[in-house]
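**Student:** Taken in order, the sequence shown gives residues 10 to 177; the numbers are from my numbering.
The beta carbon of each residue, even a glycine, is placed where N, CA and C say it ideally should be.
A quick note: this is a predicted structure, and the numbers were derived from the prediction, not measured.
Starting off with a structure, shown below.
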Amino acid sequence: ITVWTSDGKIQAQRHNASGKGFLGIAWRPNEDQFITLSDSVRRFDVQLHLLSAYKHRPEEVIPLCVEWHPDGEIYVIGDYGYDAIPSLLQLRKSDDSLISQTKKSKAEYRNLDWLHDGRRLATASDAIRVWNARGTLLHEIKATDNLWGVAWSPDGKYIVTSDQAGHI
């Protein structure tokens with residue numbers, strides 16, 4: 010992990026002791042801290058002091074994506090699962106405690122995006138899914154190919170997705 014200043018200087022650097030890469034990262038709104046995803050979920054401050062660390066599930070499954078809710082009080086993690094181990098989407102409080110989790114996807118959760126006001130969450134996997142802030146599924150549209158990207162339009166009227174076959 011490398012923390013850079015806005016003028017391009019290195020503030021701090023840290024290597025993962027496990028040797029595994031970091032696959033996801035997200036700043037906490039209005040805080041100088043962020044979450045990273047690797048062999049465990051870790052939270053750091055800007056000096057890279059470890060604030061918390063935990064395994065998000067008992068199986069050896071690395072989460073792929075993380076996104077803080079705009080209020081900074083909750084965040085969501087999506088992982089990839091494999092073989093007989095289903096992918097998980099987890100909603101967690103800022104103290105890392107689990108609020109809810111779901112196994113709705115047949116493919117990994119690759120990307121997440123909160124609506125600017127935090128009322129809805131869009132996820133990309135084998136379908137585009139829209140959830141409320143409590144983790145209840147509101148809408149689901151199956152995709153022809155697994156989705157990689159997802160983003161809300163600034164006015165919240167549209168969602169754009171991208172897939173592994175090159176479609177937008």
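DSSP three-state label for S171, please.
**Tutor:** Three-state DSSP puts S171 in a strand.
**Student:** Look up N131 in the DSSP assignment and say whether it is helix, strand or coil.
**Tutor:** The amino acid at residue 131 is misidentified as Asn; the sequence shows Ala. Strand at A131.
**Student:** Mind checking whether I83 and K102 have CB atoms under 9 Å apart?
**Tutor:** Cβ distance < 9 Å, so I83 and K102 count as in contact.
**Student:** Check whether the segment 140-160 touches the segment 113-121, counting contact only when three or more Cβ pairs, one atom from each stretch, lie closer than 8 Å.
**Tutor:** Flag = yes, the segment 140-160 and the segment 113-121 touch.
**Student:** Please go through the same chain and pick out, in chain order, the residues whose beta-carbon is closer than 8 Å to the beta-carbon of K29, but skip the five residues on each side of it.
**Tutor:** Closer than 8 Å at the Cβ level, and outside the excluded window around K29, lie S47, D48 and I71.
**Student:** Do three or more CB pairs link the segment 96-114 to the segment 140-152 at distances below 8 Å?
**Tutor:** The answer is yes - the segment 140-152 touches the segment 96-114, with three or more Cβ pairs under 8 Å.
**Student:** Which of the three DSSP states, helix, strand or coil, is assigned to F43?
**Tutor:** F43 falls in the strand class under three-state DSSP.
**Student:** DSSP on I71, reduced to helix/strand/coil?
**Tutor:** In the structure shown, I71 sits in coil (DSSP, three-state: anything other than H, G, I, E or B).
**Student:** Identify the residues that DSSP records as bridge partners of H148: which are they?
**Tutor:** V139.
**Student:** Is the distance from the Cβ of D105 to the Cβ of Y63 below 9 Å?
**Tutor:** Yes, the Cβ-Cβ distance between D105 and Y63 is below 9 Å.
**Student:** Quick one: what does DSSP say N25 is sitting in, helix, strand or coil?
**Tutor:** Here N25 sits in coil by DSSP.
**Student:** Among the residues of its own chain, which have a CB less than 6 Å from the CB of K151, if the five just before and after it don't count?
**Tutor:** Excluding residues within five positions, the ones whose Cβ falls inside 6 Å are A136.
**Student:** Could you tell me the distance, in whole angstroms, from the CA atom of S171 to the CA atom of D80?
**Tutor:** Using only the alpha carbons, I get a separation of about 27 Å.
**Student:** Can you have a look at R128 and say buried or exposed, based on whether 16 or more other CB atoms are within 10 angstroms of its CB?
**Tutor:** Flag for R128 reads exposed.
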